[in-house]
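A.B. asks: Before I ask anything, let me first share the structure, which is written out below as structure tokens.
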């Protein structure tokens, strides 16, 4: 158990603001607590002697509680929390609303609350929370209408109303919980804290949640990574779509990070993300009750061919494969199944199958070591006793210890059988696709729990040079930088073409001379974004034309935009685009997750085809390798259609080095290397654009230890 | 009503093979028919005087029936069907199994059955069918355990077991049907026939089905197009995935067409394709009971912010948009909602909302002409009576005539309300995503029902020249053709570069001379597929080098593959690839749907990025235009990133002309124009490859009237 143990299993709970008043929140909570709590409930209310028959104390100081639930009006809530802190309570749940969710006065009040919590080192839930409940000791410290059934899922939600809906539904379905937390405004404790707590809780087998935002992305990733090596975390994070993000932002009042960052960050955190309530609970129920499969191959045993085909489609949509049976299995099926049957997967044991034939087929399939899990699929027939089939399924599942999903199709005929199955932790669905999705969640979690997270590589770089180059932006008071910052990449070991920036024609010539072959020349100006459009780029310039080309480029730029600041002309080695593939490596800084790295196909395809992939920095070698393999155009990099494969390791190293750069310098707000030309022998950054936070750079020294450790 | 009216509403049904024997199919059907049928049941069995108390006749000739249900053994089934035909019956349901599904003997028997049916012009269902039922006159001519409740959906299934499962489930859910057909082996009547029949049936509001294959693709498209202008058709077509297709093929024993052809064909047919059983019924229930929205904008009215955000995500996933309210609506919400609420969409009427506030908000939203449909979303609270909310929802839906979806979240608290809603045809879901998907199905069907199908354009082409060119393949006894068939494209008006095929160096030179600028030269040989790899392509050849280049190309080809048949060297005008976009236009012939046209991004991207789109030919102008706009790279064609837009009309015309060519010549099995270079001023086919069915070409004259009319 973690440090929040007493939040969920306190000895004495003080309800500050407890009251008998009908319809009040203070009464609802006190009643809920009094109903089943194994510990002591202490009403706190200076105006009353007793509440609901329990003696009342005047203040927290007299309560001697280890958990305080605060239901007083907002104007006095902060003071009450301070008293709680003074009384030595460590855990506080603030039900009271009227904080950050209500505008600037509320936000100020929430800030006060946070600082009081910090002063007294309080583990504070809320404010604006429905409360907390834990079935371990029967504590329902919420003002919702329902208590939860006991179970092994723990559930957090940023919406209190959603908790009331879920509990009503779950009680009906026989689904139970260990702990339930309404996160409220998350002034102190947030989702990462509960993931961490429940990760340490031997009574929590699955962590589920509904979130509209994540407070600190990197903290969440690092926490959840560790927890999900053992305990599955399944979350709905809403605001997935543009419309949803806008609604989330207006609901919680906080600036939403990009969906791209959430999608990437949640995946890196090992979270199974559900897109809907149905997906959330379908996955959670299976993860709570079924073992993980040894392999990803499923056997489908069915008495009906059509639904067998439908189920196979669902397998095709999932991470699962259709198991190929061993010779022994095929022999056994050949012997026991009628000729019209199908001994291959999906196994059709035919509509006249009785319970004995079904049981034997299941036993054979579960015994095949090529089979990781089994879907039991059945349509009602006159010769089949569904309840018996359910009992056989349950006992064979236990005997073989492999995960089993059930799709006993039907209505009234299925009810009793479904009860038997669900009692044993095998959810039954009418739709085979949902049963298969359950097995898919097991495979997904198996993959997550076996991930090995390496530390990011720390390359030997020249941080001082990088700092000096970024400093030029401050000197010029101009946040945007272009090719003039190519040396920034060089300082971090990212290969750039030979050349440099000349500030007069003679310098241009002396830069060009040592370069083998013709050169590329580009005007350098932060004020001219689309250089090609104004004739600001010259390709294939022989040495003898460099001098004139310099003057020509500068003249064109001046004519085009007389007030443009011109930093010079870049003279660069020609990069052979024909043998290479143009890629892009970029970063933009997300408010929740920090630097979000991007890799994709470059050139005009970046914008049109959006063939890109993302990771939250710092990016490890494994992650960088994954990125180069994830884009749709990955086969191009690896040598499709008889082309020479490019050096993907060099690309992956560039991603990591850029990751190190943007982690070292939080002042870099966004940066694109476009194109990074990936070639058979290496990779070269041909152009760069970045934006610097001038204020941030001014104050912040590069940190000595810059990389976030995975265990932080 | 269509010509199958008497199949579903006969006066007298003969059961050939009726019997009292316990557990037999003949008894089950007779019992089911006797249960509720309003007409007369005539058992036919020469060995019995009566069956289940009904007098039995010896043969069909004595039955005087208008529908025969055949449950005799397979050995006599064909003979019985012949007798039925002789007796003047028009409709026959063959329950008997042991036909095409059982191997070559069975297949021969099925062929016999088909020819008897043809001889007597019988509308024959099956063989290998569970039977047919219709609630109109209480006729259950199936051997399943359940009858259906009356309703306004008609349902066909290629799996009989799936029907038994669905009926058991639907009866439990209160979902009813008009007609239900187990299609069996589809020896005569197939899915298109029932779509057509139910399209004409005023008592069928929605057609649903489970299919593993479609017999005749083009017939199905043409039939369903017409029906879906009025009546929604929702289908699960399994075998979507590779695994599923394999399972379907082993289940039904028929060669499955490509999933690509099914996906394309079903969409062109106006079918709403469901991927799972849940999707099938969720869509069907809404389409059965709710009106179509006037516009695609939804208003969400909720008493809980979090679920409001989740629902907005579901809207973001759908075809729906979030409605922007009129000023009047916003004013009304401002007046009636508390300050913590949200007057914008999703409208948060806050957790303390009572029924009056909910009702008013719904009324306001439904009254806004910017709102096409409404999602009523609610979490249980102490101040809200769910049943009353359900009644209000139902009456407001009726009053405003706009579609409404409901997500009353919860369990036991929702039951009574859900009954009220479902009674009125408003399905209630725990998961807001499913409620939104229901509205999405309405919008999808609105789009389908408003489609205007144009006839394919018939271009003026030179069919005789085309025939002559294809004939060369027969002469050479070589099904594959390459650049030597460029004139085939020219004959159908598809622009090709200037040039031709030379068979000696002098001819090469005389082909090159009239061409402006340098030329491209390529070896022409059906035996050399990858010409570039062997140095068989020369780009940018000036006139003075053409003679030598000819000899060089031929020498290289001979060295590479001494036995290769060399048809000559192609001399072609250079096409400027820089200003153009390489695309591909292709066709392959699908066993079910016929010529499947493909359009996509060309070059190396075809294989790697698979940026392609498809249509079943003949392709109309509208469809060709859609194709050029559907690929991911479409913005490139239309001039992304400051490039000049290419002539997409020329591309669309090429697609149509190729569609006409492959429709005219069924002998063309596959054909790729790769690349078709799309340029600002037009499009040019630079290379072609095709495969010809030599036998087909030998026998078939091009048809006089080649285009399938949409109303066939």
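Residue numbers (the UniProt record's numbering), protein chains in the order written: chain A, 1 to 712; chain B, 1 to 712.
Glycine is no exception: its CB is placed at the ideal position from the N, C-alpha and C atoms.
What residues in the region 424–440 of chain A bring their beta carbon closer than 9 Å to a beta carbon of chain B?
C.D. replies: 429, 430, 431, 432, 433 and 434
A.B. asks: Does the beta carbon of residue 20 of chain B sit closer than 8 Å to a beta carbon anywhere in chain A?
C.D. replies: no
A.B. asks: Mind checking whether residue 210 of chain A and residue 158 of chain A have CB atoms under 8 Å apart?
C.D. replies: In terms of Cβ geometry, residue 210 of chain A and residue 158 of chain A form a close pair [threshold 8 Å].
A.B. asks: At 3 residues or longer, and completely inside the region 211–250 of chain A: list those beta strand (DSSP E) runs for me, N to C.
C.D. replies: 233–237
A.B. asks: Hey, is the region 49–69 of chain A in contact with the region 101–108 of chain A, meaning 3+ C-beta pairs nearer than 8 Å?
C.D. replies: no
A.B. asks: For the beta strand (DSSP E) containing residue 683 of chain A, list its first residue and its last residue.
C.D. replies: 682–685
A.B. asks: What in chain A is Cβ-close to residue 102 of chain B, meaning under 8 Å?
C.D. replies: 340
A.B. asks: Looking at the strands, I want to know which residues DSSP matches up with residue 67 of chain B.
C.D. replies: According to DSSP, which records beta bridges pairwise, residue 67 of chain B is partnered with B/13 and B/91.
A.B. asks: At 4 residues or longer, what runs of the alpha helix (DSSP H) sit wholly inside the region 342–378 of chain B?
C.D. replies: Listed in chain order, the alpha helix (DSSP H) runs fully inside the region 342–378 of chain B are 355–367, counting runs of at least 4 residues.
A.B. asks: My output table needs one value for residue 522 of chain B: the three-state DSSP class, helix, strand or coil.
C.D. replies: Correct three-state label for residue 522 of chain B: strand.
A.B. asks: Under the three-state reduction of DSSP, which class applies to residue 118 of chain B: helix, strand or coil?
C.D. replies: helix
A.B. asks: Compare the Cα-Cα distances from residue 87 of chain A to each of A/134, A/34, A/16 and A/172 and report the closest residue.
C.D. replies: Nearest option by C-alpha distance: A/16.
A.B. asks: For residue 597 of chain B versus residue 510 of chain B, is the C-beta distance shorter than 8 Å?
C.D. replies: no
A.B. asks: Show which residues of chain B have a CB atom less than 8 Å away from the CB atom of residue 250 of chain A.
C.D. replies: 342 and 344
A.B. asks: Tell me residue 589 of chain B's beta-bridge partners as DSSP assigns them.
C.D. replies: B/595
A.B. asks: Could you give the first and the last residue of the continuous beta strand (DSSP E) run that contains residue 155 of chain B?
C.D. replies: First-last of the beta strand (DSSP E) with residue 155 of chain B: 149–157.
A.B. asks: So, is residue 680 of chain A buried or exposed, given that buried needs 16 or more other C-beta atoms within 10 angstroms?
C.D. replies: That one is exposed.
A.B. asks: Just the C-alpha distance for residue 630 of chain B and residue 613 of chain B, rounded to the nearest angstrom, thanks.
C.D. replies: 7 Å
A.B. asks: Under DSSP, the beta strand (DSSP E) around residue 178 of chain B begins and ends at which residues?
C.D. replies: 176–182
A.B. asks: Any Cβ of chain A within less than 8 Å of the Cβ of residue 409 of chain B?
C.D. replies: yes
A.B. asks: Under the assumption that residue 238 of chain B contacts residue 309 of chain A (Cβ atoms under 8 Å), give the Cβ distance between them as a whole number of angstroms.
C.D. replies: 4 Å
A.B. asks: Leaving out five residues on either side along the sequence, give the residues of the same chain with a beta carbon under 6 Å from the beta carbon of residue 693 of chain A.
C.D. replies: The residues are 667 and 669.
A.B. asks: Output needed in chain order: residues of the region 209–221 of chain B with a Cβ under 7 Å from some Cβ in chain A.
C.D. replies: Cβ contacts with chain A come from 210 and 212.
A.B. asks: My output table needs one value for residue 718 of chain A: the three-state DSSP class, helix, strand or coil.
C.D. replies: Residue numbering for chain A in the displayed model covers 1 to 712; residue 718 of chain A lies beyond these limits and cannot be assessed.
A.B. asks: Identify the residues that DSSP records as bridge partners of residue 672 of chain A: which are they?
C.D. replies: A/586 and A/689
A.B. asks: Where do the ends of the alpha helix (DSSP H) carrying residue 660 of chain A lie?
C.D. replies: 648–664
A.B. asks: Considering only residues of the same chain and omitting the five flanking positions on each side of residue 205 of chain B, which have a CB-CB separation below 6 Å?
C.D. replies: 152 and 288
A.B. asks: For residue 529 of chain B, count neighbouring C-beta atoms within 10 Å of its own C-beta (all shown protein chains included) and say buried if the count is 16 or more, exposed if not.
C.D. replies: exposed
A.B. asks: Across which residues does DSSP place residue 497 of chain B in a beta bridge pair?
C.D. replies: Its beta-bridge partners do not exist; DSSP assigns none.
A.B. asks: Which term fits residue 704 of chain A, buried or exposed, when burial requires 16 or more other beta carbons within 10 angstroms of its beta carbon?
C.D. replies: Its pLDDT being 49, under 50, residue 704 of chain A is placed unreliably by the model, and the measurement read from it follows with that caveat. Exposed: under 16 other Cβ atoms inside 10 Å.
A.B. asks: Output, in chain order, the set of chain A residues within a Cβ distance shorter than 7 Å of residue 413 of chain B.
C.D. replies: 168
A.B. asks: Determine whether the Cβ of residue 520 of chain A lies closer than 8 Å to any Cβ atom of chain B.
C.D. replies: Judged by the 8 Å Cβ criterion, residue 520 of chain A is not in contact with chain B.
A.B. asks: Cβ atoms of residue 122 of chain A and residue 90 of chain A: under 8 Å apart, would you say?
C.D. replies: For residue 90 of chain A and residue 122 of chain A, yes; Cβs fall inside 8 Å.
A.B. asks: Does the beta-carbon distance from residue 412 of chain A to residue 611 of chain B come in below 8 Å?
C.D. replies: Cβ distance not < 8 Å, so residue 412 of chain A and residue 611 of chain B don't count as in contact.
A.B. asks: Buried or exposed for residue 638 of chain A, going by 16 or more other Cβ atoms inside 10 Å?
C.D. replies: exposed
A.B. asks: Suppose you measure from the CA of residue 235 of chain B to the CA of residue 303 of chain A; what does that come to, to the nearest Å?
C.D. replies: 22 Å
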